[in-house]
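Enquirer: Letter by letter, the sequence shown follows residues 25 to 192 of this note's numbering. Every residue gets a Cβ at the ideal spot worked out from N, C-alpha and C, and that includes glycine. Would you mind keeping the following structure in view while I ask a few things?
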Amino acid sequence: MADDAPLTVPEDDPMSEPARQAPSSESGPRSPAGTAPLRDWLATMRATMSEAKPVPLPEVEPVSAEPDTESRSTTWSPRLVSAAAKPAESADEDVAEIMAENMMLKARLRLEAERRDELQIILAQEIRELRAHIAEEVGKMEDLRTERDLWRARCEALAAPLFQAQPR
25 MADDAPLTVP EDDPMSEPAR QAPSSESGPR SPAGTAPLRD WLATMRATMS EAKPVPLPEV
85 EPVSAEPDTE SRSTTWSPRL VSAAAKPAES ADEDVAEIMA ENMMLKARLR LEAERRDELQ
145 IILAQEIREL RAHIAEEVGK MEDLRTERDL WRARCEALAA PLFQAQPR
């Protein structure tokens, strides 16, 4: 199939040069001491990769949307690939992890609900205390108004003879 052919790039194409050979856009010369740890790391990684055995990947068979894909070879369409089936152990681990997370979230939700209930109880008590205090203060103000009105009436009664015209 033509879709599976590797991509070839002409050797004289400037975009095919590796990035390490491209001119640096940074200003100033780089010190060799600053890149030595990077070179050591790259050498270690290359040695590790050459010693490591390649991991066999599971074969994935292409699954086509239509059975007659060769009749459609003139037009391009994406190749459909089914995901490799997970082993049963992996699925069991995923389910166990999801169940553990679900239990943890339920416990956290329960704690938050209890905390919310406690806060509502505290707020209700505070509101009751404030209402009682306000009622007490309003009662005191009513008592002060009553006393003020009583004093006003006494003052008017005492001042009334002073402002009346006396016969002479």
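1. May I have the straight-line CA-CA distance separating residue 72 from residue 119, to the nearest angstrom?
2. Which of the three DSSP states is assigned to residue 68 in this structure?
3. Using the C-alpha atoms, what's the distance from residue 148 back to residue 126?
4. Any idea what DSSP makes of residue 170, helix, strand or coil?
5. Can you list, in chain order, the residues of its chain whose CB lies under 6 angstroms from that of residue 180, leaving out five sequence neighbours each side?
6. Suppose you measure from the CA of residue 160 to the CA of residue 172; what does that come to, to the nearest Å?
7. For residue 188, which three-state DSSP category applies?
Expert: So, to answer that:
1. Counted from its first residue, the sequence shown places residue 72 at position 48. Counted from its first residue, the sequence shown places residue 119 at position 95. Distance between the alpha carbons of residue 72 and residue 119 is about 35 angstroms.
2. Here residue 68 refers to the residue found at position 44 when the sequence shown is read from its first residue. It is helical.
3. Within the sequence shown, numbered from 1, the residue matching residue 126 stands at position 102. Within the sequence shown, numbered from 1, the residue matching residue 148 stands at position 124. Between residue 126 and residue 148, the C-alpha separation is close to 32 angstroms.
4. Working through the sequence shown from its first residue, we reach residue 170 at position 146. In the structure shown, residue 170 sits in a helix (DSSP, three-state: H, G or I).
5. For this step, residue 180 is matched to residue 156 along the sequence shown. Once the five neighbours on either side are set aside, residue 180 has no close Cβ partner at all.
6. In the sequence shown, counting from the first residue as 1, residue 160 sits at position 136. In the sequence shown, counting from the first residue as 1, residue 172 sits at position 148. Residue 160 and residue 172: Cα-Cα distance of roughly 18 angstroms.
7. For the purposes of this step, residue 188 is taken as residue 164 along the sequence shown, with counting starting at 1. Of the three classes helix, strand and coil, the one that applies to residue 188 here is coil, per DSSP.
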